[in-house]
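Enquirer: Chains as they are written, first to last, in this note's numbering: chain A, 280 to 562; chain B, 280 to 562. All C-beta atoms in this analysis are idealised placements derived from N, C-alpha and C, irrespective of residue type, glycine included. Here the structure is a predicted model, which is why all the values come from computation and not from measurement. My structure is below; once you've seen it, I'll send some questions.
2 protein chains.
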Amino acid sequence: MVSQTPEQIGTNQSFGGQQLRYKHQSAVLNCEMTFSIYLPPQAQKGPVPVLYWLSGLTCNDENFVHKAGAQQHAAEQGIAIVCPDTSPRGDGVADDPDGAYDMGLGAGFYVNATQQPWAEHYQMYSYILDELPQLINKEFPVDGERISISGHSMGGHGALTIALKNPQRFKSVSAFAPICSPLNCPWGDKVLSNYLGDDRHTWKYYDAVELIKQAQQHLPVLVDQGTADNFLTEQLKTELLVSAGQVADFPIQIRMQPDYDHSYFFIATFIAEHIKFHARALL
Amino acid sequence: MVSQTPEQIGTNQSFGGQQLRYKHQSAVLNCEMTFSIYLPPQAQKGPVPVLYWLSGLTCNDENFVHKAGAQQHAAEQGIAIVCPDTSPRGDGVADDPDGAYDMGLGAGFYVNATQQPWAEHYQMYSYILDELPQLINKEFPVDGERISISGHSMGGHGALTIALKNPQRFKSVSAFAPICSPLNCPWGDKVLSNYLGDDRHTWKYYDAVELIKQAQQHLPVLVDQGTADNFLTEQLKTELLVSAGQVADFPIQIRMQPDYDHSYFFIATFIAEHIKFHARALL
Numbered sequence: 280m281v282s283q284t285p286e287q288i289g290t291n292q293s294f295g296g297q298q299l300r301y302k303h304q305s306a307v308l309n310c311e312m313t314f315s316i317y318l319p320p321q322a323q324k325g326p327v328p329v330l331y332w333l334s335g336l337t338c339n340d341e342n343f344v345h346k347a348g349a350q351q352h353a354a355e356q357g358i359a360i361v362c363p364d365t366s367p368r369g370d371g372v373a374d375d376p377d378g379a380y381d382m383g384l385g386a387g388f389y390v391n392a393t394q395q396p397w398a399e400h401y402q403m404y405s406y407i408l409d410e411l412p413q414l415i416n417k418e419f420p421v422d423g424e425r426i427s428i429s430g431h432s433m434g435g436h437g438a439l440t441i442a443l444k445n446p447q448r449f450k451s452v453s454a455f456a457p458i459c460s461p462l463n464c465p466w467g468d469k470v471l472s473n474y475l476g477d478d479r480h481t482w483k484y485y486d487a488v489e490l491i492k493q494a495q496q497h498l499p500v501l502v503d504q505g506t507a508d509n510f511l512t513e514q515l516k517t518e519l520l521v522s523a524g525q526v527a528d529f530p531i532q533i534r535m536q537p538d539y540d541h542s543y544f545f546i547a548t549f550i551a552e553h554i555k556f557h558a559r560a561l562l
Numbered sequence: 280m281v282s283q284t285p286e287q288i289g290t291n292q293s294f295g296g297q298q299l300r301y302k303h304q305s306a307v308l309n310c311e312m313t314f315s316i317y318l319p320p321q322a323q324k325g326p327v328p329v330l331y332w333l334s335g336l337t338c339n340d341e342n343f344v345h346k347a348g349a350q351q352h353a354a355e356q357g358i359a360i361v362c363p364d365t366s367p368r369g370d371g372v373a374d375d376p377d378g379a380y381d382m383g384l385g386a387g388f389y390v391n392a393t394q395q396p397w398a399e400h401y402q403m404y405s406y407i408l409d410e411l412p413q414l415i416n417k418e419f420p421v422d423g424e425r426i427s428i429s430g431h432s433m434g435g436h437g438a439l440t441i442a443l444k445n446p447q448r449f450k451s452v453s454a455f456a457p458i459c460s461p462l463n464c465p466w467g468d469k470v471l472s473n474y475l476g477d478d479r480h481t482w483k484y485y486d487a488v489e490l491i492k493q494a495q496q497h498l499p500v501l502v503d504q505g506t507a508d509n510f511l512t513e514q515l516k517t518e519l520l521v522s523a524g525q526v527a528d529f530p531i532q533i534r535m536q537p538d539y540d541h542s543y544f545f546i547a548t549f550i551a552e553h554i555k556f557h558a559r560a561l562l
């Protein structure tokens, strides 16, 4: 796979470091993609570890950059943060036929689609795990051996499943209000039946609850979930993750946060603790 | 003036406090207005001091709420933050005839307009100084005797001019990249000639540089300005504020911040220091 050099399309000084934005041609996704990267001041002196952040439904690479307030804490710890987009993009990319927000554009679900019309572009699992890190490691002052991953909602599902399937590649994983089990919620039913087909056995490779049960290696896991989150009962199913961890004797730290909802105000409140959690594994 | 009880239209838990949003009928502006208020956790135990934040051109009450990361620091210090909108709003409210971003909707410039078609609604100076604080003091657990004010760009101009004209009402004032002298920049020429008319003597009451020169009372003033700000040379004219402070022997703290631009990344980087600056005057 040959990666094009990414083209810088944005730069802002932030907490002594730089908040940057790039576009590049993705071979895996077969389209042009945009990502954001925060380089802390420490990156001027040598390679820094990297945290990948996967956003939720309807987001692109910028929501976390503008709303989470993470740069302050990344600058304190000396950690870069990479924010990919949430799906392939562009005129030729398939979208939900009804224009719904929960499938298609902005809703890649971090899987490799096998079904039509999705398979041509919707390969977000490979993009996040392989293509994008290869590009980041080549083009930026980061240490490709020290990588962690986090995300929100659909991106929490992405972070957990990608890290649990590849524990040798990540030092730690965390999630805010993750979709814990696509096998057991309406979002999963709709999207995975479209992207992966009706054989639900194939869905297990993208289900954090199933992967926890099978995990051979126990990397550090932190999950925060607000109790006032409107999606908690029907879509997120945090209780399945709790019980899976207990059954598998996998020590996951899952914190129920009273009164917090599904918004970026929730993420902003606890992002400092997540970055410190990852710093303990990365530094 | 009788203020309607404001109607809550948004609530999010944030850093142990609450980020709230309200709409209300403004008698002064003669239209419905929206504002946001952050109540820190300390407000559950009794009245807290208040910082008013005035946003810049094109903004409404939400930009600062989502992008500045101020709640963390307001919660640490126990200070409420009120974010008004930047102009009157609604179908009957005059706007720039060409739809330009720098006059009309989103560009009230925190003055009381005397000219048509603006005078009917564009009374932002009185709204910010009188009507909104009266409503806030009545409806929320805040201490109306401990008020400070800050803002960005057009809002920095608003904060400086309102506080300098009313030093007995504010404990401190700060600004990010303020428009220092509407008398001496294209934005000022265009907007104040429309809102106030061609007699430039009337503009002096809304010009921070002129007000600094005439100030009898020296309240604490902090200004941050990025050196990579695209508006610095033509519109902001920080150097006029520096020299006015020197001529008037008014000790203004003006800090030029290398490489920072006009964006919210700049504000987010230094908002903690501004809130601590105000806390020293308020607590």
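Three or more C-beta pairs under 8 Å: does that hold for the stretch 357 to 364 of chain B against the stretch 407 to 421 of chain B?
Expert: A contact exists between the stretch 357 to 364 of chain B and the stretch 407 to 421 of chain B.
Enquirer: Count the other CB atoms within 10 Å of the CB of A386 of chain B; is the residue buried (16 or more) or exposed (fewer)?
Expert: So A386 of chain B ends up on the buried side.
Enquirer: Assign P465 of chain B to one of three DSSP states: helix, strand, or coil.
Expert: Three-state DSSP puts P465 of chain B in a helix.
Enquirer: Among B:L439, B:A322, B:D538, B:K444, which residue has its Cα nearest to the Cα of N416 of chain B?
Expert: With distances taken between Cα atoms, N416 of chain B lies closest to B:A322.
Enquirer: Round the Cβ separation of V488 of chain A and I531 of chain A to the nearest angstrom and send it over; I've been treating them as touching at under 8 Å.
Expert: Not a contact, Cβ separation roughly 11 Å.
Enquirer: Provide the residue span of the alpha helix (DSSP H) that contains F549 of chain A, from first to last.
Expert: Its alpha helix (DSSP H) spans residues 543 to 561.
Enquirer: Is the shortest distance between the beta-carbon of G432 of chain A and the beta-carbons of chain B less than 7 Å?
Expert: The question names Gly, yet the displayed sequence has Ser at residue 432 of chain A. No, S432 of chain A does not count as interfacial toward chain B.
Enquirer: Between which two residues does the alpha helix (DSSP H) carrying H345 of chain B extend?
Expert: Run containing H345 of chain B: 342 to 346, per the alpha helix (DSSP H) assignment.
Enquirer: Of the residues B:L498, B:D503, B:F510, which one's Cα is nearest the Cα of F529 of chain B?
Expert: Checking every option, the nearest Cα to that of F529 of chain B belongs to B:L498.
Enquirer: Could you give the residue range of the alpha helix (DSSP H) that holds S427 of chain A?
Expert: Note, S427 of chain A: premise wrong, no alpha helix (DSSP H); beta strand (DSSP E) at 421 to 431.
Enquirer: How would you write the range of the beta strand (DSSP E) that N291 of chain A sits in, first residue to last?
Expert: Residues 286 to 293.
Enquirer: In this structure, how does DSSP classify S453 of chain B when only helix, strand and coil are distinguished?
Expert: If DSSP states are grouped into helix, strand and coil, S453 of chain B belongs with the strands.
Enquirer: Mind the definition here: the stretch 396 to 414 of chain A touches the stretch 433 to 447 of chain A only if three or more C-beta pairs lie below 8 Å; say whether that holds.
Expert: The answer is yes - the stretch 433 to 447 of chain A touches the stretch 396 to 414 of chain A, with three or more Cβ pairs under 8 Å.
Enquirer: List the residues of chain B whose Cβ lies closer than 9 Å to the Cβ of Q351 of chain A, in chain order.
Expert: Going along chain B in sequence order, the residues near Q351 of chain A (Cβ under 9 Å) are G348, Q351, A547, T548, A551.
Enquirer: Beta carbons nearer than 9 Å to chain B: which residues of the stretch 307 to 326 of chain A have them?
Expert: Answer set for the stretch 307 to 326 of chain A: empty.
Enquirer: To the nearest angstrom, how far is it from the Cα of A558 of chain B to the Cα of M382 of chain B?
Expert: Whole-angstrom Cα-Cα distance: 33 Å.
Enquirer: Would you call the stretch 477 to 492 of chain A and the stretch 283 to 300 of chain B touching, i.e. three or more CB-CB distances under 8 Å?
Expert: Judged by Cβ distances under 8 Å, the stretch 477 to 492 of chain A makes no contact with the stretch 283 to 300 of chain B, as fewer than three pairs qualify.
Enquirer: State the CB to CB distance for the pair E341 of chain B and S305 of chain B, rounded to an integer number of angstroms; the pair is presumed to be in contact (CB under 8 Å).
Expert: Not quite, the Cβ-Cβ distance comes to about 18 Å (not below 8 Å), so this is no contact.
Enquirer: From the DSSP output, read off the bridge partner residues of C338 of chain B.
Expert: C338 of chain B pairs with nothing; no bridge assigned.
Enquirer: Closer than 8 Å by beta-carbon distance: list the chain A residues that pair up with A507 of chain B, in chain order.
Expert: Result: Q292.
Enquirer: Counting only beta-carbon separations shorter than 7 Å, does Y301 of chain B have a partner in chain A?
Expert: So, not an interface residue.
Enquirer: Can you tell which of B:H541, B:H553, B:K555 has its C-alpha closest to the C-alpha of T512 of chain B?
Expert: Ranking the options by Cα distance to T512 of chain B, first place goes to B:H541.
Enquirer: Report the option in A:P412, A:G371, A:Q351 whose CA atom is closest to the CA atom of A398 of chain A.
Expert: Of A:P412, A:G371, A:Q351, the residue nearest in Cα terms is A:G371.
Enquirer: Show which residues of chain A have a CB atom less than 7 Å away from the CB atom of F544 of chain B.
Expert: Here the neighbours are N291, Q292, S293, Q298.
Enquirer: Which of helix, strand or coil does DSSP assign to L299 of chain A?
Expert: Strand.
Enquirer: Let's see if you can read the secondary structure: which residues bound the beta strand (DSSP E) around T313 of chain A?
Expert: First-last of the beta strand (DSSP E) with T313 of chain A: 310 to 318.
Enquirer: Cβ closer than 9 Å: which chain A residues qualify as neighbours of Y539 of chain B?
Expert: Simply N291, Q292, S293.
Enquirer: For chain A, find out if any of its Cβ atoms is closer than 7 Å to the Cβ of H345 of chain B; answer yes or no.
Expert: Chain A contact via Cβ: present.
Enquirer: If contact is defined by three or more beta carbon pairs under 8 Å, each pair taking one atom from either stretch, is the stretch 546 to 561 of chain B in contact with the stretch 506 to 521 of chain B?
Expert: With a cut-off of 8 Å, the stretch 546 to 561 of chain B and the stretch 506 to 521 of chain B do not count as touching, because too few Cβ pairs lie within range.
Enquirer: Which residue marks the beginning of the alpha helix (DSSP H) containing A306 of chain A, and which one marks its end?
Expert: Neither: A306 of chain A is in no alpha helix (DSSP H) and is coded neither H nor E.
Enquirer: Can you find the residues in the same chain that come closer than 8 Å, C-beta to C-beta, to L618 of chain B, ignoring five residues on each side of it along the sequence?
Expert: Because chain B here runs from 280 to 562, residue 618 of chain B falls outside it and cannot be looked at.
Enquirer: Pull up the distance between the alpha-carbon of D479 of chain B and that of L462 of chain B, whole angstroms please.
Expert: Note on residue identity: the sequence assigns Arg, not Asp, to residue 479 of chain B. Approximately 8 Å between the Cα atoms of the pair.
Enquirer: Which residue's Cα is closest to the Cα of T365 of chain A: A:G335, A:G357, A:K346?
Expert: Taking only the C-alpha atoms, the option nearest T365 of chain A is A:G335.
Enquirer: Mind checking whether S453 of chain A and H553 of chain A have CB atoms under 7 Å apart?
Expert: Contact flag set, yes.
Enquirer: So if DSSP puts P363 of chain A in a beta bridge, which residue, or which two residues, is it bridged to?
Expert: The partner list for P363 of chain A (beta bridge, DSSP) reads A:F314.
Enquirer: State buried or exposed for V502 of chain A, treating a residue as buried only when at least 16 other CB atoms are found within 10 Å of its CB.
Expert: By the neighbour-count rule (16 or more Cβ atoms within 10 Å), V502 of chain A is buried.
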